[in-house]
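So the structure is just underneath, and the comments pick up after that.
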Amino acid sequence: MKAKAKLSLALALFLGSLVLMQEVQVGVQTSEHPALGAYLTDGQGRSLYLYTQDSQNTPTCYDQCAQTWPPLLVKEKAVAGKGVAPNLLGVAKRRDGSLQVTYNGWPLYYFVRDQKPGDVLGQGVGGVWFLVSPKGEALKPSTDQQPAGAQTDALLAQLKAEGETLFTRVCASCHGAQGQGGVGPTLQNNTRLQDVSFLVEAVTKGLGYMPPVAANLTNREVAAVLTFVRTSFGNSYGLVDEEEVARLR
Ligand code: HEC
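If you're matching positions, the sequence shown starts at 32 in this note's numbering and goes up one per residue.
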């Protein structure tokens, strides 16, 4: 009996230490994107990004920014997985004392819109967020090599991210944070979002009881917010670009 109790205590300690180890061990590895090539991910395959406004080992993305781009945090240090150079891995201290994993001096971040391994929606956002190459540089494929599809994907992701912020600021008060409706009609699964010229006119000139809410927004901002609503809330009508807005408004 005594021996058995000792054994289960030993087992409990052993399992406990395994759990602890898991918490401490944050892995960084590489994945392969069909158009972009090899890029850094965490141990689960989630994409990691660098922020070109950061300087060496100095994260500058906090508050609102860090909600969109959560830092990759670690207790001590990260473990180099497949394709990753261990000597390029490091940590930087954040304002709150937590440790953020760095690679070649770049603090590493996630993008909230990436849901699963292989998602790279943060690539190129704002022209300042980029996937990280195994050498620790921003992954910026020269545009002439990039297939047209990938360029459109990147632009769509970029407009959508910018549009989400604008939607929250300009539209959510009447149409609901999830587009579920309020003072204005629901935008969920709304077939009226198909018609780009209707949309541009509605938001820049007004529509019935809706004031011209986007009258003071730039063409880029109108394109972004319309891209966001057309590709969110169950709608999938694709992007609206700046030139189209300029033509229609
Ligand atoms: C002050 C409240 C308010 C704000 C802010 C607002 N809307 Fe509206 N919106 C309305 C109302 C009210 C209607 C219904 C207009 C009508 O038909 O009389 C409407 C209608 C629409 C429609 C047509 C939907 C349909 O089914 O008929 C679209 C699309 C739309 N809004 C998009 C937007 C977008 C995008 C924004 C932000 C850029 C926005 N709205 C901001 C109040 C608002």
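Yeah, the Cβ is synthetic: ideal placement off N, Cα and C, and Gly gets one too.
Asked	Found
If I measure Cβ to Cβ from Ser228 and keep anything under 7 Å in the same chain, skipping five residues before and after, which residues do I get?	Leu279
In the DSSP assignment, what are the bridge partners of Gly121?	Thr133
Below 8 Å between beta carbons: does that hold for Phe161 and Lys171?	yes
Mind checking Pro243: buried by the 16 CB within 10 Å criterion, or exposed?	exposed
So Gly210 packs on Phe142, CB below 8 Å; how close in whole Å?	21 Å between Cβ atoms; not a contact.
Which runs of the beta strand (DSSP E) spanning at least 3 residues fall entirely within the region 85 to 111, listed in chain order?	109 to 111
Do Gly194 and Cys205 count as a contact pair if the criterion is CB distance below 8 Å?	no
Taking the DSSP output, what are the residues bridged to Ser78?	Thr72
Give me the DSSP bridge partner(s) of Leu186.	Beta-bridge pairing links Leu186 to no other residue.
I believe Val234 touches Leu197 by the beta-carbon criterion, under 8 Å. Please report the beta-carbon distance rounded to the nearest angstrom.	The Cβ separation is near 10 Å, so there is no contact.
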